[in-house]
Amino acid sequence: MSELPKPSYIGKVRDVYDLGNSLILSSTDRISAFDVVFRQIVPGKGKVLNKISAEWFSYFKDIPNHIIETDVSKFPSPFKDHPDLKDRSVLVKKCKRIDFECVVRGYLSGSGWKEYKQDGTLAFKKLPPGLKESQKLAEPSFTPAIKNDTGHDENISEERMKNEIGSELFSILKEKSISLYTRAAELVAGAGILLCDTKFEFGIWEDKVILIDEILTPDSSRYWAESVYVIGTTPPSMDKQILRNYLEKSGWNKVPPPPDLPESLIVELQAAYKEIQDRLLKCLSQEST
1 MSELPKPSYI GKVRDVYDLG NSLILSSTDR ISAFDVVFRQ IVPGKGKVLN
51 KISAEWFSYF KDIPNHIIET DVSKFPSPFK DHPDLKDRSV LVKKCKRIDF
101 ECVVRGYLSG SGWKEYKQDG TLAFKKLPPG LKESQKLAEP SFTPAIKNDT
151 GHDENISEER MKNEIGSELF SILKEKSISL YTRAAELVAG AGILLCDTKF
201 EFGIWEDKVI LIDEILTPDS SRYWAESVYV IGTTPPSMDK QILRNYLEKS
251 GWNKVPPPPD LPESLIVELQ AAYKEIQDRL LKCLSQEST
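Just so you know, the sequence shown maps onto residues 1 to 289 in UniProt numbering.
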């Protein structure tokens, strides 16, 4: 077995190997929150994210995406069949990333709820008064964010995004994002799961807009079990929000160094990631049969 080269780039939770015209993205077991990586890992997390994302990409086969190969046995050497990459890596097209996060919210929660409480707005647009935490929105809302090289990603208005990338590209990204969210939310609702919100990322490849990064994973989405959903509360999450909720109550100021995470929290995260994987994959497999 050849030694695995050092990653070309080490992200918060993924290692990237640059092969020239393509990339290998390897989902590690690292976990981050508020753009800070923690010292502890969540064993098996990377494989869960990789599997869920690959299945969603396959389900949305009508939307062009960056996937070239998900089977490590078909990767080029020296990456082929490498145990450190197995079940947690994909070979993808190397494209120009569009540096905006295309967030779609179906429910008023998280930073969206904080904004509404303070200003009565969501993504700087006025909402009706009297809405409650976790309430379903009248229609899915596009609430973009800009990816900053330093510091936290920043929620921005549609107008700012449109001014920076042009109205034509903006319209394409918004339409694709809302369509993807709506289709996914309708699918998982049949399995008793609510898709509160999620983010998509896009790139340009051969002058075409394609879907990149990961999609609809418990790291990029907020999932709730319908059975415990109550308006006016913060429903228990089946995703990384478990970590964020813990940190919000911990008193940590959200800047490095991060606090150590208790083993009980690691176990809780493992169980949540495993449960949402099992439920989503069952839902997707039933849809494809």
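No residue lacks a Cβ here, since even glycine has one placed at the ideal position from N, Cα and C. Just so it is clear, the structure is predicted and the values come from calculations on it, not from any experiment.
On a CA-only basis, which of the options is nearest residue i? Give me that one, please.
i, options, result
"Leu169", "Ile63, Phe100, Pro76", "Phe100"
"Thr70", "Lys51, Ser237, Leu265, Pro78", "Lys51"
"Ile24", "Trp113, Ser77, Val90", "Val90"
"Glu133", "Lys74, Ser109, Ser27, Val92", "Ser109"
"Ser2", "Asp29, Ile67, Asp81, Phe38", "Asp81"
"Trp205", "Glu55, Ser73, Lys96, Lys86", "Lys96"
"Gln270", "Pro5, Val230, Leu49, Lys162", "Leu49"
"Thr198", "Leu284, Gly106, Leu127, Ile146", "Gly106"
"Lys174", "Phe202, Glu186, Ala184", "Phe202"
"Ile165", "Cys102, Thr121, Ser221", "Cys102"
"residue 291", "Lys93, Leu180, Lys12, Trp56", "An answer regarding residue 291 cannot be provided, because it is not within the stretch 1 to 289 covered by the chain."
"residue 294", "Asn21, Leu284, Lys74, Ser32", "Any answer about residue 294 is impossible in this case: the structure gives the chain only from 1 up to 289."
"Pro140", "Asn163, Ala184, Asp119", "Ala184"
By how many angstroms is the C-alpha of residue j removed from the C-alpha of residue i?
i, j, result
"Cys196", "Ile178", "13 Å"
"Pro218", "Ser53", "10 Å"
"Val255", "Phe34", "8 Å"
"Ile63", "Asp84", "30 Å"
"Leu243", "Lys45", "13 Å"
"Ile266", "Ile41", "8 Å"
"Lys117", "Phe79", "49 Å"
"Pro43", "Glu275", "14 Å"
"Lys208", "Pro262", "45 Å"
"Ala123", "Thr233", "21 Å"
"Asp29", "Lys86", "13 Å"
"Pro257", "Thr121", "33 Å"
"Ala225", "Gln241", "13 Å"
"residue 290", "Lys93", "Past the edges of the chain, shown from 1 to 289, lies residue 290, and the structure says nothing about it."
"Asn253", "Val188", "35 Å"
"Arg39", "Pro259", "8 Å"
"Asn21", "Asn65", "15 Å"
Which residues mark the beginning and the end of the beta strand (DSSP E) in which residue i is found?
i, result
"Asp119", "It is not in any beta strand (DSSP E) - Asp119 instead sits in the alpha helix (DSSP H) that spans 110-119."
"Arg222", "221-225"
"Lys93", "89-93"
"Ser32", "30-33"
"Val36", "36-41"
Per DSSP, which one or two residues make a beta bridge with residue i?
i, result
"Asn65", "Leu211"
"Asp18", "Leu23"
"Tyr107", "Lys136"
"Phe200", "Cys102"
"Lys126", "Thr121"
"Asn155", "Ala145"
"Tyr229", "Answer is none; Tyr229 lacks a bridge partner."
"Tyr9", "Val16"
"Arg97", "Gly203"
"Ile193", "Ala225"
"Ser237", "Trp224"
What are the boundary residues of the alpha helix (DSSP H) that includes residue i?
i, result
"Ser179", "167-189"
"Phe57", "45-59"
"Gln135", "It is not in any alpha helix (DSSP H) - Gln135 carries neither H nor E in the DSSP assignment."
"Ile242", "241-250"
Measuring CB atoms only, is the region 178-194 touching the region 155-169, in the sense that at least three cross pairs come out at less than 8 Å?
no
Could you tell me whether the region 7-18 touches the region 55-62, using the rule of 3 or more Cβ pairs below 8 Å?
no
Three or more C-beta pairs closer than 8 Å, one from the region 119-136 and one from the region 204-215: is that the case here?
no
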